[in-house]
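Using this note's numbering, you'd call the opening residue of the sequence shown number 2 and step up by one each time. All C-beta atoms, glycine included, are put in the ideal place defined by N, C-alpha and C. Taking it in order: structure first as structure tokens, then the write-up.
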Amino acid sequence: MNEVLKSQEPYSFVNRGNNYEFVTDCNIKYTVCFLLHTGISSCRVYEMAFGIVGAQKQSLDLRVRATIKAVLVDFWTNNTEAILFVCDSLDNRAKARMVLFDRWFRELNSGYEVVKFDFPASLGVYASLLSYSSNPNLIAVIKELQELYMAMLGQ
């Protein structure tokens, strides 16, 4: 198979409810999970997290991006309200993660009516909310999340 086409194919993944797993060609295991955010009342918001299981390092693998997209589409089939992506900041790489996530969103959003709202970094967190543009609660969710982050910062 053409290597360019293969790089666009997602890996096979296993769906275990709100948790997904896949293994790369280099035998690196990833997990993607969606946790219901309990601090929001205007609609169901799931916080998305993904990462490598264990301490292995992964080189650039474009199929990981394709698989994350496939997992998002699969999850969104039954959970259509909103997904919150918060960049982990424990290793001071949150901004770099946000840049990567922004690029992925731009590349992968064609054909979908998904909007992305980025929360200002001044709120102390790099985060984006994804939702279908038709979500009638979109403005209320954004407002609730902004208030939640401001309360966490004591503002």
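Subject >> Local Cβ density within 10 Å of Met83, reported as buried at 16 or more and exposed below that >> reply: For clarity, residue 83 is Ala in the given sequence; the question names Met instead. It is buried - the Cβ of Ala83 has at least 16 other Cβ atoms within 10 Å.
**OP:** Would you identify the three-state DSSP class for Ala56, choosing helix, strand or coil?
**Re:** coil
Original post:
Is the number of C-beta pairs between the stretch 36-53 and the stretch 65-83 that are closer than 8 Å three or more?
Top reply: yes
**OP:** Give the range of the beta strand (DSSP E) segment to which Ile140 is assigned.
**Re:** Note, Ile140: premise wrong, no beta strand (DSSP E); alpha helix (DSSP H) at Leu139 to Leu154.
Original post:
For Ala141, which residues of its own chain have a beta-carbon under 7 Å away from its beta-carbon, when the five flanking residues on both sides are left out?
Top reply: Ser43
**OP:** Give the straight-line distance between the Cα atoms of Val87 and Ile29, rounded to the nearest whole angstrom.
**Re:** 23 Å
Subject >> Nearest-angstrom beta carbon gap, Val54 and Thr68 [assumed within contact, 8 Å] >> reply: Actually they are not in contact, since the Cβ atoms of Thr68 and Val54 sit about 14 Å apart, beyond 8 Å.
**OP:** Give the range of the alpha helix (DSSP H) segment to which Arg17 is assigned.
**Re:** No alpha helix (DSSP H) contains Arg17, which is instead part of the beta strand (DSSP E) from Phe14 to Arg17.
**OP:** Identify which residue in Asn93, Tyr21, Leu63 and Gln57 has its Cα closest to the Cα of Pro11.
**Re:** Leu63
**OP:** With DSSP as the reference, label Leu157 as helix, strand or coil.
**Re:** For the chain, the structure presents residues 2 to 156; residue 157 sits outside this window and is missing.
Subject >> Anticipated Cβ contact below 8 Å, Ile143 with Leu130, distance rounded >> reply: Going by Cβ atoms, the distance from Ile143 to Leu130 rounds to 6 Å, so yes, they are a contact pair.
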